[in-house]
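Each residue of the sequence shown is one higher than the one before, counting from 4 in my numbering.
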Amino acid sequence: MLSREPAVAGIFYPENPKILQEQVDSFLSTTNEPALIPKALIVPHAGYIYSGAIAASAYQLLKPISHRLSRVVLLGPSHHVPLSGLAAPSATTFCTPLGDIPVDRDGISALLKLSLINIKDEAHQFEHSLEVQLPFLQQILDDFLLLPLVVGDAKPDQVAEVLRCAWGGDETLVVISSDLSHYHPYQEAQRLDQETTAMIEQLDGRITGSQACGCNAINGLLRLANNERMSIKTIGLKNSWDAITSSYTNGSSVNKNTGDRDRVVGYGAYAIY
């Protein structure tokens with residue numbers, strides 16, 4: 004596989020490059036001067052009408068350092084393929100409607116020395132958890148290398164070791180892609196996601212799959228952050244019903260009936276320093 008082509012363009016985000024660029028730019032238009040510069044982010048991966056604004060609230064923290072970031076290590080859960088360990092692609096580029104992103108083949112070659120990581124293109128072919136992050140990265144950063152990994156069954160210490168090997172220096176950003184709770188009634192989802200957020204803020208790497216689909220990647224990052232005495236801050240916390248009602252109230256063309264208050268999905272954005 005020389006290029007990994009978009010799988011969810013036109014579904015999770017606009018397929019038209021101009022419309023996609025305008026939408027991402029509108030999400031990123033809010034500017035808050037960060038007190039600290041993040042080394043890593045945890046961001047959601049739903050359709051942009053649901054989680055785009057929350058994801059952007061974390062990505063916009065990168066504006067002051069966008070010129071220096073030339074490498075992104077991106078981890079997300081496997082939604083389509085049973086997977087033991089972590090899967091790297093054989094592709095040399097990842098494509099989106101906004102253009103092609105070169106893959107960090109040297110970085111992947113170094114990680115393949117770890118027994119936990121293998122080349123498995125089928126894990127990447129239809130995986131949206133990584134793909135939906137790419138237009139944000141393309142708009143906020145200059146040219147960068149991408150090191151994409153799909154995370155399957157792996158223990159926190161194992162993922163932490165992968166991250167440690169890929170950590171890099173000031174040129175490298177780490178992004179963990181994960182949604183929070185799935186398909187609970189609104190108030191129950193709020194309670195569950197607040198509990199998960201409290202665990203994340205405490206660097207408690209015991210998040211379960213019922214709390215976050217990307218729990219294995221999150222737990223690995225939290226384990227590493229705890230060992231390195233890093234800190235974490237919640238940037239935003241909402242769910243699919245919040246997003247739909249907010250879009251409807253703000254005059255968006257989104258139909259309020261698109262959402263279901265009895266079956267919401269949680270979205271959180273977090274920055275690690």
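Cβ atoms here follow ideal geometry from the backbone N, Cα and C, with glycine treated the same way.
Check	Outcome
Host beta strand (DSSP E) of P151 (start-end)	148-154
DSSP bridge partner residues for A272 (one or two, in chain order)	G239
Integer-rounded CB distance, given that G102 should sit under 8 angstroms from Q128	The pair is not a contact, with the Cβ atoms about 20 angstroms apart (cut-off 8 angstroms).
Simplified DSSP state of I120, which is helix, strand or coil	strand
Exposure of I238, with buried meaning 16 or more beta-carbon neighbours within 10 Å	buried
Inter-residue Cα distance where the pair is A126 and H82	8 angstroms
Beta-carbon gap between H131 and H187 smaller than 8 angstroms	no
7 angstroms Cβ shell around L72 - same chain, five flanking residues per side excluded	L65, L144, F147, E174, L176
As assigned by DSSP and simplified to three states, the class of A192	helix
Beta-carbon proximity of A220 to T199, cut-off 8 angstroms	no
At least 3 beta-carbon pairs within less than 8 angstroms: the region 110-124 vs the region 82-97	yes
Own chain residues within Cβ distance below 6 angstroms of S112, not counting five before or after	none
Residue interval of the beta strand (DSSP E) (run including A90)	89-91
Cβ pair A169, L150 closer than 8 angstroms	yes
Option in Y273, C98, V165, T96 with minimal Cα separation from L78	V165
Straight-line Cα distance separating P100 from D160	36 angstroms
CB of I45 within 8 angstroms of CB of A228, strictly	no
Rounded straight-line distance, which links the Cα of S60 to that of G290	Residue coverage of the chain in this structure runs from 4 to 276, which leaves residue 290 outside it and unanswerable.
Nonlocal neighbours in the same chain, by C-beta distance under 7 angstroms from F139, ignoring five residues either side	V27, A58, A59, Y62
Helix, strand or coil at I40 according to DSSP, with G and I counted as helix	coil
S243, buried or exposed, once every other Cβ within 10 Å from all chains shown has been counted against 16	buried
Beta carbon of A178 nearer than 8 angstroms to that of V106	Reading the sequence as shown, one finds Val at residue 178 and not Ala. Going by C-beta atoms, V178 is not nearer than 8 angstroms to V106.
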